[in-house]
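Residue numbers (my numbering), protein chains in the order written: chain A, 1 to 380; chain B, 1001 to 1380.
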C-alpha cells in the first residue's frame, strides 16, 4: 500500500517536469554554477509550463493544485545538479504568504506574475545579528502617513539578486514587544532605498544568488503589509512548518538520487584494480545508506500525508528536518567515499552534491533550533 | 611513559604557531583557495625561518629534526589554516625517500633548494585506477639511459615541481619490479596538464604528467634498480603520520574558531556557548581532537625511536582525517550561516578535511590494511 496516492494526472505531471528539467535545466547546471545565478528567463520558462506555484487558486492564474504538485517539482529538481533554480522557495515557501495573508488587491496584483515566473520572490528574515533568534531582528518599519519607512540590513537571502518581490520581516520601533511588533511587508525590487548589496560566496549552492540586502529610508505603502498589524511573527510560525517540510523533501530526494548515482558508478568504475563495488566495505556501506534513505522516505511520505490532511506536524517536521538533513549529509559523505579517491574531483557530480547537501542542516532553522522546537512541543 | 613535549619541541611548536599567525593572511588564503594556487610567498618565508625540510640532515639544509617535530610544525600550520598548512607540508612530497635512500650527490642536489624555498619536489606515483602494482608507466633500459613512457594521473603540484620523483615499472615479469627516478622538470618528453578542479586541498593542485620517450640517465635511480616498491610503501607510512598531523591541526583550528564564535555570538540574549547543544558539540570536538592527537604523536614517536608501530601509523590517517571531518563539520554547524559562507573561514577547513581523508587512499582501504596488521592475512 503506497502512503501517498498519486493520481494518473500527477504521474503525467511528473513526467513533463522531468523532461523539462532534462532539456532546459540539467544541461546548463555547470554554466549557472560558474555564473553564480540562474537566468531569469528560466524561471519564466518554468512558469509558462505551469511548473511554478501550482497551489495558487485558478482565479489568480494558478492551477489550484494540491501539495503533490509541489512535492513532485521539488523531488525532480534534486536530479538537476544545480540549486540556483530553487522553485520550492518561491512556490511553496514565499508565495503562500501572499496567497494566505495578502489583501485581495495585492493578490490580484502579484499572484499571476508569481505563477507565470515574471515575478521571482524571496523572503528576508535573517540579519547579521539575528539568525536563530528571529524575534531579535533590528530592521525597522516606521509608520509615516500612508507609508512605512524601512531601515536595516538582511543577509543570507536566497534569490536575493534575482527577486522581483520580497517578503520582508521588520519591526515597528514604537512597539516594545518583539513578537507583537513584527510585520511582514511586500517590497518590490527597484523601490528606492532597497539595495541588493552583494551576492555571497559560499561552500555550495553556487548557482543560487544568495545575497545581502540593505534598506535605507526605503518607503513602501502601508497597504503592502501582510495580514493584520503585528501579526508578522505568527504568520512566520504558521508558514515555517511547510518551509521545513520542503527541506525534508529536498534532503530525502537528494539522498535517494546520490545513492542511485553512486551504485551506478560503483558498478562501472574500477579503482585499485577492481570495480568499486568489489572494494572492501562497499556493499555493506551501500546497504547501510539505503537503510537510512528508506527510513527517511517512509517517515517523509507519512509527514506529507499528514500535512495534506491539515494536521499539525510541528514535532515531526522539526525532528524530521534535523534527522533527514543530517542523513542526507551522511549519505553524501558515504557516496563520496564509495567513489574512492575520485570523489573529490569536481568533474564527478558527487563533489558538488556533497558541498550542496551541507547547508540543509543550517538553513530554514538550524538543526539545533529544530531540536529545541521538537522538545518544546513534546512538552519536555 | 611521558606524554610531555621537551623544551625544544615546545619552542618549535611556538615558533611555528607564531609564524603562521603572522603570515597566513586571510585574503591570501581565500584567493589561493579560489584559484587553486600554491602559496609561494608564504612558503618562501617559511623556508627562510627554517620550517621547510626541518627533518633533513643539517649538511643538506635541514635541522635533523625527527618526525614528531615535523608533525608539530605541520599541525601548527594547519591549525592556522588547513589550506596553506597542507600546501607547505606537501611542498617536498617524496623528500623522505631521498633522505632515506638517495645517494650523496642526489641529496646534495635536491634537498638544500627544497629547504631554502627555491625548489618544489613531488612524487609521481598514482595512476588512473590508483593501483600500486603493477604500474603502467614503464622505464625501459637502453642507451644512453632509461626511456620512460606512460601517464601519471594524480601528481600533487605536478606542473610546479622542479624535481619529480617518478615511481615506475622497470621489469615486466614481476609487478613489484619498480624503480625510483629523479627527473628534472625541464627534461624533454614530459608534458603536464591540469588534473581538474578539486573539492578541497585546493592549494595543492593536482596535475597529470605524461611521459613520452623521456630519457633519464641511470645515475638518476634512487635506491637501486627494482627496489622501489617497498621503499614507496614505507614512504606512504611516514606520509600517513604527516597526514595525521595535518588532520589534527585542521581539527584544532576548527575547534578554536567554533569556540571563539560561540563565545562572541549572541542569540536569545546570551552567548550561544551557553546553550546545551552547542556545549555538547564542543565537548565532542575536544574529545575527538585530543584522542586523535595522541594517536598521531605516538605513531610519530614510534618512527623516531626506530620501532614503527604499524597499526598506529595507519590509525594516524584514519582517525586523524575522520576527526578532522567531524570537528570541521561541527564547526560549520556552530557558525551556522557564516559557517557555510566563504568569508566565515571554516567551510574550507571542512572541504580540506574531506579531501585529506581521500588523499593517497580512501579510509576503507586503510582500515583494511589495519585489520591485516591486527589479525594477519586471512584467506578469502
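Just so you know, even glycine gets a beta-carbon here, dropped at the ideal spot from N, CA and C.
Please report the straight-line C-alpha distance between residue 265 of chain A and residue 1103 of chain B, rounded to a whole angstrom.
On the first chain, position 265 is the one that residue 265 of chain A refers to. On the second chain, position 103 is the one that residue 1103 of chain B refers to. Cα-Cα distance, rounded: 45 Å.
Looking only at C-alpha atoms, which of A/78, A/61, A/67, A/50 sits nearest to residue 25 of chain A?
Position 25 of the first chain holds residue 25 of chain A. Nearest of A/78, A/61, A/67, A/50 to residue 25 of chain A, Cα basis: A/78.
Under 8 Å between C-beta atoms of residue 1214 of chain B and residue 1148 of chain B
Counted from its first residue, the second chain places residue 1214 of chain B at position 214. Counted from its first residue, the second chain places residue 1148 of chain B at position 148. Taking 8 Å as the Cβ cut-off, residue 1214 of chain B and residue 1148 of chain B qualify as a contacting pair.
By the criterion of Cβ-Cβ separation under 7 Å, what are the contact partners of residue 1088 of chain B in chain A?
Here residue 1088 of chain B refers to the residue found at position 88 of the second chain. Near residue 1088 of chain B there are no residues of chain A at all, since even the closest Cβ is about 20 Å away, more than 7 Å.
Return the chain-ordered ranges of every beta strand (DSSP E) run that is complete within the region 1204-1240 of chain B and spans a minimum of 3 residues.
1206-1216
Nearest to residue 1116 of chain B by CA position, among B/1076, B/1056, B/1209, B/1338, is which residue?
Position 116 of the second chain holds residue 1116 of chain B. Of B/1076, B/1056, B/1209, B/1338, the residue nearest in Cα terms is B/1056.
Can you name the residues of chain A whose CB is closer than 8 Å to the CB of residue 1363 of chain B?
Numbered from its first residue, the second chain carries residue 1363 of chain B at position 363. Per Cβ cutoff of 8 Å: 337.
Could you pull the DSSP bridge partners for residue 187 of chain A from this structure?
As a working note, residue 187 of chain A is residue 187 in the first chain. A/166.
With DSSP run on the structure shown, which of helix, strand or coil describes residue 53 of chain A?
Your numbering for residue 53 of chain A matches position 53 in the first chain. Reduced to three states, the DSSP call for residue 53 of chain A is coil.
Beta-carbon spacing of residue 1299 of chain B, residue 1244 of chain B below 8 Å:
Your numbering for residue 1299 of chain B matches position 299 in the second chain. Your numbering for residue 1244 of chain B matches position 244 in the second chain. Result yes, Cβ atoms of residue 1299 of chain B and residue 1244 of chain B sit closer than 8 Å.
Terminal residues of the continuous beta strand (DSSP E) containing residue 1265 of chain B?
Locating residue 1265 of chain B in the second chain gives position 265, counting from the first residue. Premise fails: residue 1265 of chain B is in no beta strand (DSSP E) and is neither H nor E.
Take the Cβ of residue 1141 of chain B as the centre, count every other Cβ of all protein chains shown within 10 Å, and call the residue buried at 16 or more, exposed below.
The residue you call residue 1141 of chain B lines up with position 141 of the second chain. Exposed: under 16 other Cβ atoms inside 10 Å.
Chain-order list of residues whose beta-carbon lies under 7 Å from that of residue 263 of chain A (same chain, five-residue window excluded)
Your numbering for residue 263 of chain A matches position 263 in the first chain. For residue 263 of chain A, where only same-chain residues beyond five positions count, the Cβ hits under 7 Å are 286.
From residue 28 of chain A to residue 49 of chain A, what distance separates their C-alpha atoms?
For the purposes of this step, residue 28 of chain A is taken as the residue at position 28 of the first chain. For the purposes of this step, residue 49 of chain A is taken as the residue at position 49 of the first chain. Using only the alpha carbons, I get a separation of about 18 Å.
My output table needs one value for residue 13 of chain A: the three-state DSSP class, helix, strand or coil.
For the purposes of this step, residue 13 of chain A is identified with residue 13 of the first chain, where counting begins at 1. Looking at residue 13 of chain A - three-state DSSP - the assignment turns out to be helix.
When you compare the region 1252-1260 of chain B with the region 1334-1351 of chain B, are there three or more beta-carbon pairs, one atom per stretch, that lie closer than 8 Å?
yes
List, in order along the chain, the chain A residues whose C-beta lies closer than 9 Å to that of residue 1323 of chain B?
Taking the first residue of the second chain as position 1, residue 1323 of chain B is located at position 323. Within 9 Å Cβ-Cβ: nothing; residue 1323 of chain B doesn't reach chain A, min ~14 Å.
Residues of its chain near residue 1200 of chain B, where Cβ-Cβ distance is below 6 Å and the 5 sequence neighbours each way are ignored
Looking up residue 1200 of chain B in the second chain gives position 200. Within the same chain, residue 1200 of chain B has close Cβ partners 1351, 1352, 1354, 1355.
Within a Cβ cutoff of 8 Å, which residues of the same chain sit near residue 1204 of chain B, ignoring the five residues on either side of it in sequence?
Here residue 1204 of chain B is taken as the residue at index 204 of the second chain, counted from 1. Hits under 8 Å: 1038, 1086, 1087, 1090, 1156, 1157.
Please go through the region 1129-1189 of chain B and give each complete beta strand (DSSP E) segment of 3 or more residues, from N-terminal end onward.
1138-1141, 1146-1156, 1163-1169, 1178-1184
Residue 153 of chain A, DSSP secondary structure in three states:
Along the first chain, one-based indexing puts residue 153 of chain A at 153. Residue 153 of chain A: strand per DSSP, three-state reduction.
Reference residue 279 of chain A, options B/1095, B/1024, B/1366, B/1162, closest by Cα:
In the first chain, residue 279 of chain A corresponds to position 279, counting from 1. With distances taken between Cα atoms, residue 279 of chain A lies closest to B/1366.
Verify the CB distance criterion: does residue 344 of chain A have a CB-CB separation below 8 Å to chain B?
Within the first chain, numbered from 1, the residue matching residue 344 of chain A stands at position 344. By this cut-off, residue 344 of chain A is an interface position.
Residue 358 of chain A at chain B interface by Cβ criterion, 8 Å
Taking the first residue of the first chain as 1, we reach residue 358 of chain A at position 358. Yes, its Cβ sits closer than 8 Å to a Cβ of chain B.
Given a cut-off of 8 Å on the beta-carbon distance, is the pair residue 1363 of chain B and residue 1310 of chain B in contact?
Residue numbering aside, residue 1363 of chain B sits at position 363 when the second chain is read from its first letter. Residue numbering aside, residue 1310 of chain B sits at position 310 when the second chain is read from its first letter. Cβ distance not < 8 Å, so residue 1363 of chain B and residue 1310 of chain B don't count as in contact.
Residue 1048 of chain B versus residue 1034 of chain B: straight-line alpha-carbon distance, rounded
The count along the second chain starts at 1 and reaches residue 1048 of chain B at position 48. The count along the second chain starts at 1 and reaches residue 1034 of chain B at position 34. Rounded to the nearest angstrom, the two C-alpha atoms are 26 Å apart.
Within the 8 Å Cβ cut-off, does residue 1332 of chain B reach chain A?
Position 332 of the second chain, counted from the start, is the residue given in the question as residue 1332 of chain B. Cβ-Cβ to chain A under 8 Å: yes for residue 1332 of chain B.
Counting contacts by CB-CB distance shorter than 8 Å, is residue 214 of chain A in contact with chain B?
One-based indexing of the first chain puts residue 214 of chain A at position 214. No, its Cβ sits nowhere closer than 8 Å to a Cβ of chain B.
Give the residues from the region 130-148 of chain A that approach chain B closer than 9 Å (Cβ to any Cβ), ordered along the chain.
130, 131, 132, 133, 135, 136
Please tell me whether residue 240 of chain A has its Cβ less than 8 Å away from any Cβ of chain B.
Taking the first residue of the first chain as position 1, residue 240 of chain A is located at position 240. Residue 240 of chain A does not count as touching chain B.
Who are the near neighbours of residue 209 of chain A in its chain, counting only those whose CB is closer than 8 Å to its CB and skipping five residues on each side?
If you number the first chain from 1, residue 209 of chain A lands on position 209. For residue 209 of chain A, where only same-chain residues beyond five positions count, the Cβ hits under 8 Å are 36, 37, 38, 84, 158, 159, 160, 161, 162, 199.
Enclosing alpha helix (DSSP H) for residue 202 of chain A [first to last residue]
The residue you call residue 202 of chain A lines up with position 202 of the first chain. First-last for residue 202 of chain A: undefined, no H or E at that position.
Step through the CB atoms of chain A and report whether any lies within less than 8 Å of the CB of residue 1342 of chain B.
As a first step, residue 1342 of chain B is located in the second chain; it is residue number 342 there, counting from the start. So yes, residue 1342 of chain B belongs to the interface.
Under 9 Å (Cβ pairs) to chain A, residues found in the region 1149-1171 of chain B:
1154
Whole-angstrom C-beta distance between residue 1016 of chain B and residue 1053 of chain B, which should lie under 8 Å:
Reading the second chain from its first residue, position 53 is the one you call residue 1053 of chain B. Reading the second chain from its first residue, position 16 is the one you call residue 1016 of chain B. Between residue 1016 of chain B and residue 1053 of chain B the Cβ distance is about 14 Å, and since that is not below 8 Å, they are no contact.
With a threshold of 6 Å on Cβ separation, who are the neighbours of residue 1240 of chain B within its own chain once the five nearest residues in sequence on each side are excluded?
Reading the second chain from its first residue, position 240 is the one you call residue 1240 of chain B. So the list reads 1313, 1316, 1317, once near-sequence residues are dropped.
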